[in-house]
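First the structure, in the form of structure tokens, and then the observations on it.
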Amino acid sequence: MPSNLEKALFVFMLATFVGLEIIRKVSPLLHTPLMSLTNAISAISVVGAILITGNERATDLTKILGFVAIVAVFTNIVSGFLITDRMVKMFKKKPQAAGAEVHK
Amino acid sequence: MPSNLEKALFVFMLATFVGLEIIRKVSPLLHTPLMSLTNAISAISVVGAILITGNERATDLTKILGFVAIVAVFTNIVSGFLITDRMVKMFKKKPQAAGAEVHK
Amino acid sequence: MPHFVQYVYIISAAMFILSLKWMNSPASSRRGVAIGSLGMLLAVAGTLAGFPELMGGLSVHNWTWIVTAMVIGTVIGVPIAYIMPMTAVPQRTALSHACGALAAALVGAAEFYQSNQMHEPLAMFKMIALVIETLLGFLTFTGSLMAMGKLQEVLPQRPITYRGQNFVNFTLFSIAGVLAVRLVMVPSDTFLFPIFSGLALLFGVLLIIPIGGADMPTVIAILNSYAGLSACAMGFALGNNLLVVAGALDGSSGLILSIIMCKAMNRSFTNVLFGAFGQMQMKVGHTEQKPVRSASPEEAASILEAAQSVIIVPGYGLAVAQAQHKIRELYDALTRRGVNVKFGIHPVAGRMPGHMNVLLAEADIPYDRLVEMDEINGEFPQCDVALVIGANDVTNPAARTDKSSPIYGMPILDVDKAHTVMVIKRSMNPGFAGIDNPLYYMDKTLMLFGDAKAFVSEMVKELPVRAAA
Amino acid sequence: MPHFVQYVYIISAAMFILSLKWMNSPASSRRGVAIGSLGMLLAVAGTLAGFPELMGGLSVHNWTWIVTAMVIGTVIGVPIAYIMPMTAVPQRTALSHACGALAAALVGAAEFYQSNQMHEPLAMFKMIALVIETLLGFLTFTGSLMAMGKLQEVLPQRPITYRGQNFVNFTLFSIAGVLAVRLVMVPSDTFLFPIFSGLALLFGVLLIIPIGGADMPTVIAILNSYAGLSACAMGFALGNNLLVVAGALDGSSGLILSIIMCKAMNRSFTNVLFGAFGQMQMKVGHTEQKPVRSASPEEAASILEAAQSVIIVPGYGLAVAQAQHKIRELYDALTRRGVNVKFGIHPVAGRMPGHMNVLLAEADIPYDRLVEMDEINGEFPQCDVALVIGANDVTNPAARTDKSSPIYGMPILDVDKAHTVMVIKRSMNPGFAGIDNPLYYMDKTLMLFGDAKAFVSEMVKELPVRAAA
Ligand SMILES: NC(=O)c1ccc[n+]([C@@H]2O[C@H](COP(=O)([O-])OP(=O)(O)OC[C@H]3O[C@@H](n4cnc5c(N)ncnc54)[C@H](OP(=O)(O)O)[C@@H]3O)[C@@H](O)[C@H]2O)c1
Ligand SMILES: NC(=O)c1ccc[n+]([C@@H]2O[C@H](COP(=O)([O-])OP(=O)(O)OC[C@H]3O[C@@H](n4cnc5c(N)ncnc54)[C@H](OP(=O)(O)O)[C@@H]3O)[C@@H](O)[C@H]2O)c1
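Residue numbers (the working numbering), protein chains in the order written: chain A, 12 to 115; chain B, 12 to 115; chain C, 59 to 527; chain D, 59 to 527.
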């Protein structure tokens, strides 16, 4: 049976292939929002921060480090997804006259 | 820790994404060789056949089933890669006059 | 102890992925095949060398069995690869799916019996994987053999349907399902396993029977997927990621190819699998004799010679007649005279995706002359002559205009927009879809009756090599 | 017990992948963001709910700490997202890399101390992952802060170099390497850890110091990669595949973006990181005054009005002047008059990849009017007026012709091929690369001196809304 390292390497290899293939196809229009989106996604390290902080036997040092980590990473999650949404929302095919109603 | 099933599912999910992304980009010119190539690659089940046949405690039934499996799958490996190579070799950008020397 | 086999497997998996990735252009495709075979070599060598590590310290036994089997496989495989004519590629593909699927099923069966005989407990998850592996394996085995028989025309091409077919299939399927559940629950009920396997084998036959011979290419792509999934299931059962990856790649490739085919025929999966649509229903209808204009090879050759641009549209008839080398001669003769010759390739021309490309490449026609449908369609209106060689359905303008046509909505090559259309075929018989082609009755169309190979070589004779400047 | 968290993680990972996949077109991009945030929500909720399963039966403690931290994070995050002007996006990106990297590093540190205090043995593999995580995390933290400072112009923009810089860097790097090896071997040497972390923090600063302010965008993309890799390393340390996947996605995205930028600038990675190429060296040379033609807003407006097709080429100056809304008005005024207006977007126009697109989209300019370089370059010869607004280097024809130019070989927008060229900028000062632009001295070029926003709004005033039919 493969060890944890080997399994993680396998996953890493596959995920890198997926990443390279998919990112290469991202529209150049959206490279700026792409940066903030991947940034928000990599804030998934919140999982690690929660696990370490929530541990019953967490020392005070661990709790403090974990606390700061959660604050930092939650800022990223919240602002990252919100700002990306704000950006991509701006990309419209047909301009709408501000305040005008949309009829079809 | 995730179980084997969960790890395999993770790998399956990623590999399917890789497969769908990559196959979609295969040149339509090469769809026929693609079929024989994937076929040759999926003959990797030879690994399973070897493991089961080479087991010290393999019963006679196991040995016979494994033997047939190895024959079948090795035929695929050999003929699959060779025929794919034969096919892709035929795709040339500049035609060469048969027997003529190539000068630049 | 470093688990070296596992690293070998990671490298092999990456190589398989690169191998498929490099199929994105003919220029890199040979490299793709090379790295794929290297990955396979590594995996096999790694498995043999790393056996003790994989099997918890046991070393490889039964070397004779393993090596003999490999030698036999090689001895069978090499001639298949070199003797098989390119026109038989669809059949070979079906055959190799059958082999691959059989192997997966047999390994599954062997594991099942082995564990039972050793009284090792089979975890439920493993047993589920084994059941899926065997079911898909056996089903794909007989299904692919049937498909091969239909393509090779040793089995009847027409769909075989009978009253109550769905009921019979459904009943058998339910029984297999019940057996599968029971086996998962109580793996020690070994006597159920042969029954289950038999049902799976039977099922492969029953699934293919009602599908027409000409739909076999789509079926083959679907079976390709199944074969991949069964290798995947083996990977789950053995906890081997390399198998999971290779199986998933194979599975997604089959899936995408069948989607491409269905789209290019404007049909759904269900319609292919259960439609039993094919030769029979259509052949009624257009039997009245309408006048067509026909021409001789000499006339056709002089028209081609006078043209500035010619688009050749090949179809299944090219494969039947094996006319690719003669077409190459025609291409050379025209190119030498300064005619701009291109080939318009429909995604489902022939009987396999990419079929025409392989045949034309075999005849050394440069691949940048082979143009895909979407790209070439804009060029027909400016093209002097569209020369259709053994293609029919893929040029049928009824697909654009006639809502009642069974191929309505299927994207076609717009040959009818060319200034002159010439069609080489043996008769007025319909093609795969079994319907009449209004193209043949247009004023600008000339029918060139005859076998594709014979007719083209007549034309080439009319275009002798002139002294080059 | 079904491991439900693991399934949640599989689904989250698939959602993250889909999220990035859907960024392939603006039409699906909102869906992409939505599914990404859903994936994150699932992962966080799943982790909290599945804590006992993940931690071998322990239930979550220190709820107050966790929830308070989340609330604080949210309270900080929301205003950042809504108040941040679009022109400050590069700085915000740098800041969030700093946050993410800091978190990764702190988690690594916490794990290290926790295991040591509990006297749990740290497997070598886990310790390697922790060391990499902390190194990359701390380095990226200070590096990103430096990059942000340079972008925000609180730190000096110019590259800071000193004699022996390479030697100092190399020595520090070696010490850090030795400490890392020692820590992996003897994890109980806890006193080494702060030194190691300090070196990593220092290293981030030293790496960025010699790089010019205008190269920060490339640096940010590279730091993006590092931040991703450090999340990946955390995944290795915790045996969590979801972290590995998200980290690898982030890492490959940073890599690809930096490659795109380097290619579009015709420079190599090494050159960006160690080149210290920038404002300074170039500003000598072309100081002789050559004659240029300039024009007033009225004249410029009448030329635009008379044109049939106009291509607007925006650059960094647009961002500086925040002229996007005025440009929208210009676009509207011209379009209403029947002028065909398009935008030619260079991949590295501005200070971030995609910078111009975001700004113009903010001003509601339809994205199908924003055309990429390769596509628009064929249109310049047929275009009446090319209007360059605050762009310089990306239009410099010296890149095509002058082998001695530092930007020689960089692909540019061929504005010099248009019938008339108009350039809005404040002075004859050079752009980022610090070099002169021969475009400005061509006969067909009119210089429109002034701030981009002010100048465009003057022009718009000359193009009043006429009664629509
Ligand atoms: N490619 C795929 O992957 C795929 C998969 C599934 C289904 N299909 C179906 O197959 C069809 C392919 O269209 P197609 O236009 O290539 O072929 P087709 O519509 O089947 O027509 C082939 C034509 O070739 C003529 N032909 C046969 N032998 C010939 C010979 N020796 N010399 C000259 N002509 C000969 C036949 O007419 P005569 O008998 O009068 O000579 C026939 O009309 C489509 O309907 C497609 O949906 C393709
Ligand atoms: N986008 C990226 O990802 C990226 C990354 C790294 C490096 N870069 C580099 O950045 C450069 C981008 O090229 P670019 O053409 O967009 O910009 P640029 O070459 O830096 O030129 C910008 C021009 O805008 C003018 N300008 C500044 N403020 C202005 C204002 N308020 N109103 C009007 N004009 C104003 C300046 O001239 P005045 O001072 O005379 O007004 C300057 O010449 C390239 O060299 C590229 O390699 C870009």
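Quick reminder that beta carbons are idealized off the backbone N, C-alpha and C, glycines included. Note that the structure is predicted; figures quoted are calculated from it, not measured.
C-beta neighbour in chain B for Glu-430(C), strict 8 Å: Within the third sequence, the letter at position 372 stands for residue 430(C). Yes, Glu-430(C) counts as interfacial toward chain B.
Euclidean distance between Cα positions of Gln-64(D) and Ala-306(C): Start at 1 with the first residue of the fourth sequence, and residue 64(D) comes out as number 6. Start at 1 with the first residue of the third sequence, and residue 306(C) comes out as number 248. Gln-64(D) and Ala-306(C): Cα-Cα distance of roughly 20 Å.
CB contact check: Asp-96(A) to chain D, cutoff 8 Å: Mapped onto the first sequence, residue 96(A) falls at position 85. Yes, contact with chain D.
Proximity test, Cβ basis, 8 Å: Ala-19(A) and chain C: Here residue 19(A) refers to the residue found at position 8 when the first sequence is read from its first residue. No, Ala-19(A) does not count as interfacial toward chain C.
Proximity winner among Glu-516(C), Gly-492(C), Asp-501(C) and Ser-485(C), relative to Ala-272(C) (alpha-carbon distances): As a working note, residue 272(C) is residue 214 in the third sequence. Nearest C-alpha to Ala-272(C): Gly-492(C).
Heavy atom of ligand 2 within 7 Å of Phe-490(D) beta-carbon: Sequence index remark: in the fourth sequence, residue 490(D) carries index 432 (1-based). It does: the Cβ of Phe-490(D) is within 7 Å (strictly closer) of some heavy atom of ligand 2.
Reduced DSSP secondary structure (H/G/I, E/B, other) of Ala-510(C): Translated into positions along the third sequence, residue 510(C) becomes position 452. Here DSSP, grouped into helix, strand and coil, assigns Ala-510(C) to helix.
Near ligand 1: Met-480(C) beta-carbon under 7 Å from a heavy atom: What you label residue 480(C) is simply residue 422 of the third sequence in a count that begins at 1. No.
Residues bridged to Glu-211(D) [DSSP beta-bridge criterion]: Residue 211(D) sits at position 153 when you count from the first residue of the fourth sequence. Answer is none; Glu-211(D) lacks a bridge partner.
Cβ pair Tyr-67(D), Asn-299(D) closer than 8 Å: Taking the first residue of the fourth sequence as position 1, residue 67(D) is located at position 9. Taking the first residue of the fourth sequence as position 1, residue 299(D) is located at position 241. Yes; because the gap between Cβ atoms is below 8 Å, this pair is in contact.
Stretch pair the stretch 259-270 of chain D + the stretch 501-513 of chain C: three plus CB contacts closer than 8 Å: With the rule of 3 Cβ pairs closer than 8 Å, the stretch 259-270 of chain D does not count as touching the stretch 501-513 of chain C.
Contact test: Arg-427(D) Cβ vs ligand 1 heavy atom, cutoff 7 Å: Your numbering for residue 427(D) matches position 369 in the fourth sequence. No - ligand 1 has no heavy atom lying nearer than 7 Å to the Cβ of Arg-427(D).
Contacts of Lys-79(C) in chain B (Cβ-Cβ under 7 Å): Taking the third sequence and counting its residues from 1, the one referred to as residue 79(C) is at position 21. Think of a sphere of 7 Å around the beta carbon of Lys-79(C): the chain B residues whose beta carbon falls inside it are Ile-33, in chain order.
Beta carbon proximity, Leu-45(B) to chain A, threshold 8 Å: One-based indexing of the second sequence puts residue 45(B) at position 34. No, Leu-45(B) does not count as interfacial toward chain A.
Residue environment, Gln-382(D), which counts as buried when at least 16 other CB atoms sit within 10 Å: As a first step, residue 382(D) is located in the fourth sequence; it is residue number 324 there, counting from the start. Under this definition Gln-382(D) is a buried residue.
Cβ contact (3+ pairs, closer than 8 Å) linking the stretch 48-56 of chain A and the stretch 93-110 of chain D: Short answer: they touch.
Under the three-state DSSP convention, the category Ala-69(A) falls into: Position 58 of the first sequence, counted from the start, is the residue given in the question as residue 69(A). Correct three-state label for Ala-69(A): coil.
Within chain B, the residues that Ile-314(D) reaches when beta carbons sit closer than 8 Å: By one-based count along the fourth sequence, residue 314(D) stands at place 256. Correct list: empty, because the minimum Cβ distance to chain B is about 14 Å.
Outcome for Ile-403(C) when other beta-carbon atoms lying within 10 angstroms are tallied against a minimum of 16: Translated into positions along the third sequence, residue 403(C) becomes position 345. Ile-403(C) is buried by the Cβ-count criterion.
Burial state of Glu-98(A), where buried means 16 or more other Cβ atoms lie within 10 Å: Locating residue 98(A) in the first sequence gives position 87, counting from the first residue. Correcting the residue type first, residue 98(A) is Met in the shown sequence and not Glu. The Cβ neighbour count for Met-98(A), taken over all protein chains shown within 10 Å, is at least 16; the residue is labelled buried.
Per-residue DSSP class, three states only, for Glu-430(C): The residue labelled residue 430(C) in the question sits at position 372 within the third sequence. In this structure, Glu-430(C) counts as strand in the three-state DSSP scheme.
Cutoff 8 Å: Gln-64(D) Cβ touching any chain B Cβ: Reading the fourth sequence from its first residue, position 6 is the one you call residue 64(D). Yes, contact with chain B.
Three-state secondary structure assigned by DSSP to Val-118(D): Locating residue 118(D) in the fourth sequence gives position 60, where the first residue counts as 1. DSSP places Val-118(D) outside both helix and strand once states are collapsed to three, so it counts as coil.
Cut-off 7 Å between Cβ atoms - residues of its own chain near Ser-87(C), not counting five sequence neighbours on either side: Here residue 87(C) is taken as the residue at index 29 of the third sequence, counted from 1. Same-chain partners within the cutoff: Trp-80 and Met-81.
Beta-bridge partners of Ile-447(C), as assigned by DSSP: Position 389 of the third sequence holds residue 447(C). DSSP lists Pro-372(C) and Ile-482(C) as partners of Ile-447(C).
Three CB pairs or more closer than 8 Å across the stretch 442-452 of chain D and the stretch 475-491 of chain D: In this structure the stretch 442-452 of chain D lies against the stretch 475-491 of chain D, because at least three pairs of beta carbons, one per stretch, are closer than 8 Å.
CB contact below 8 Å: Phe-78(A) versus chain B: Position 67 of the first sequence, counted from the start, is the residue given in the question as residue 78(A). No, Phe-78(A) lies away from the interface with chain B (no Cβ there is under 8 Å from its Cβ).
Short Cβ contact (8 Å threshold) for Met-517(D) with Pro-372(D): If you number the fourth sequence from 1, residue 517(D) lands on position 459. If you number the fourth sequence from 1, residue 372(D) lands on position 314. Cβ atoms of Met-517(D) and Pro-372(D): not closer than 8 Å.
Collapsed DSSP secondary structure at Leu-25(A) in the structure displayed: Taking the first sequence and counting its residues from 1, one reaches residue 25(A) at position 14. DSSP places Leu-25(A) in helix when its eight states are reduced to three.
Nearest-angstrom Cβ-Cβ length linking Phe-92(A) and Val-133(D), presumed shorter than 8 Å: Indexing the first sequence from 1 puts residue 92(A) at position 81. Indexing the fourth sequence from 1 puts residue 133(D) at position 75. About 16 Å separates the two Cβ atoms, so there is no contact after all.
Rounded separation between Ser-47(A) and Ala-359(D) - CA only: Your numbering for residue 47(A) matches position 36 in the first sequence. Your numbering for residue 359(D) matches position 301 in the fourth sequence. Cα to Cα, Ser-47(A) sits roughly 38 Å from Ala-359(D).
Contact belief for Leu-497(D) with Thr-453(D) at Cβ below 8 Å, rounded distance in angstroms: Residue 497(D) sits at position 439 when you count from the first residue of the fourth sequence. Residue 453(D) sits at position 395 when you count from the first residue of the fourth sequence. 6 Å between Cβ atoms; contact.
Which listed residue (Leu-31(B), Glu-32(B) and His-42(B)) has its alpha carbon closest to that of Ser-83(C): Residue 83(C) sits at position 25 when you count from the first residue of the third sequence. It is His-42(B).
Ile-61(A) versus Gly-104(C): straight-line alpha-carbon distance, rounded: The residue labelled residue 61(A) in the question sits at position 50 within the first sequence. The residue labelled residue 104(C) in the question sits at position 46 within the third sequence. Each residue's Cα considered, the two are about 40 Å apart.
CB contact check: Phe-28(B) to chain A, cutoff 8 Å: Here residue 28(B) corresponds to residue number 17 of the second sequence, with the count starting at 1. It does: the Cβ of Phe-28(B) has a partner Cβ on chain A nearer than 8 Å.
Per DSSP, cross-strand counterpart(s) of Leu-38(D): No information on residue 38(D) is available, as it lies outside the stretch 59 to 527 that chain D covers here.
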